[in-house]
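Following: one structure in structure tokens, then a few remarks.
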Amino acid sequence: MLFVDLSSAFNSVIPSKLNTKLGDLGFNTSLRHWIMDFLTNRPQYVRSGHTCSTTITLNTGVPQGCVLSPFLYSLFTHDCRPVHISNTIIKFADDTAVIGLISNNDDTAYREEVQHLAAWCADNNLLLNTSKTKELIVDFRRERGSTHNPIHINGMAVERVSSFKFLGTHITEDLSWSTNTSSLVKKAHQRLFFLRTLKRHHLSSAVLMNFYRCVIESILTSSVSVWYGNCSVADRKALQRVVKTAQRITRCPLPAIEDVQRKRCLRRAHGILKDSSHPAHRLFTLLPSGRRFRSLRTRTSRLRNSFFPRAVSLLNSTPEL
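All residue numbers for the sequence shown refer to the UniProt record's numbering, where the first residue is 1 and numbers rise by one.
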């Protein structure tokens with residue numbers, strides 16, 4: 001896995017290139033002209049107190065903090081696609097990762113993919129920051145063949161790491177979740193201080209409950225449907241201890257992390273079922289009876305406890321589909 005860092009990606013978008021790509025996607029001329037007018041000749045200055053800097057006019061980039069900007073950036077990068085079927089490029093706004101499946105110790109396709117991505121970035125005025133780009137290798141083979149040589153981008157070797165935080169979740173080379181849960185528990189413990197402070201000021205139980213859900217539970221359950229199934233018993237106990245501590249402070253019953261995870265999985269599964277265009281929609285296939293879904297074949301407990309097999313199992317065990 002290669003986690004790519006793009007320097008000032010939103011600020012590097014060239015409006016004329018974006019306009020061309022929007023035309024290729026079939027956007028009508030009037031809308032494209034409106035977007036071009038929005039992105040070009042933008043006056044900008046910095047204000048500190050009552051002092052303002054000199055105004056400058058910008059003709060590159062998409063405005064940071066604008067609701068439209070992430071969507072425009074996604075359209076700008078829509079043609080950044082893998083050239084080999086064994087590879088996948090995951091994009092979420094300006095966070096990009098290249099996933100390569102290497103078979104028989106042949107990583108040619110993966111290396112070509114990385115070089116193709118570097119060339120695409122250069123062609124589209126995006127600066128690929130090699131020093132902040134990281135590579136993580138997941139290899140569960142009992143007998144490993146030749147060592148994986150470092151990836152080079154623009155003449156610089158990419159650092160290999162054993163753990164990386166991607167979209168707020170720590171991913172490790174052994175696909176365990178202890179690093180991730182430890183980070184979440186640490187953050188949640190820090191927020192418990194504020195919950196105790198609110199309690200000392202005699203705020204109502206309703207306010208304490210809202211604070212817990214918004215500030216503490218939201219941390220503990222961040223991407224919970226992704227990692228909770230493969231959590232160790234010790235990690236689950238550590239998460240639940242935070243809930244029990246918050247419960248003693250609020251003196252109100254709080255949902256267990258496992259219950260929250262189950263609801264999140266079911267909600268996401270139902271969302272996929274309703275969206276026929278979702279890439280994972282095909283994984284949810286009804287049996288001829290029309291009442292249960294076909295179970296996904298799994299050979300390892302790691303895959304069996306991952307989201308999609310668990311989601312199918314939860315749907316089959318839920319009375320109402």
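Heads up, the beta-carbon is just placed ideally off N, CA and C, and yes, glycines get one too.
Predicted, not measured: the structure shown is a model, and the values here were computed from it.
Boundaries of the alpha helix (DSSP H) around D37: T29 to L39. A contact is defined here as three or more CB-CB pairs under 8 Å, and the segment 304-319 meets this definition with respect to the segment 221-230.
Under the 8 Å Cβ criterion, the segment 197-205 does not count as touching the segment 254-271, having fewer than three qualifying pairs. The beta-bridge partner set that DSSP reports for R42 consists of L58. Distance from L128 to V4 at the Cβ level is roughly 6 Å; contact confirmed, criterion being Cβ atoms closer than 8 Å.
Remark: C-beta atoms of L117 and I90 do not approach each other more closely than 9 Å.
The beta carbon of N11 is closer than 6 Å to those of G61 in its chain, skipping five residues each way along the sequence. Boundaries of the beta strand (DSSP E) harbouring S163: S163 to F166, taken from the DSSP string. Contact between the segment 211-220 and the segment 234-248 is present: three or more C-beta pairs spanning the two stretches fall below 8 Å. N87: member of the beta strand (DSSP E) spanning N87 to F92, first to last residue. A straight line joining the alpha-carbon of R47 with that of T55 spans about 10 Å.
Ranked by how close their Cα comes to the Cα of S7, the residues Q115, Y45, K132 and N104 have K132 in first place. Cβ-Cβ separation between D107 and H148: approximately 7 Å, consistent with a contact (criterion under 8 Å).
Judged by their CB atoms, F76 and L18 are nearer to each other than the 9 Å cut-off. In the three-state reduction of the DSSP assignment, D95 falls in the strand class, which pools E and B.
Distances from the alpha-carbon of A93 to those of S86, L167, I151 and R141 put L167 closest. In the DSSP annotation of this structure, the continuous segment of the beta strand (DSSP E) that includes T169 starts and ends at T169 to T172.
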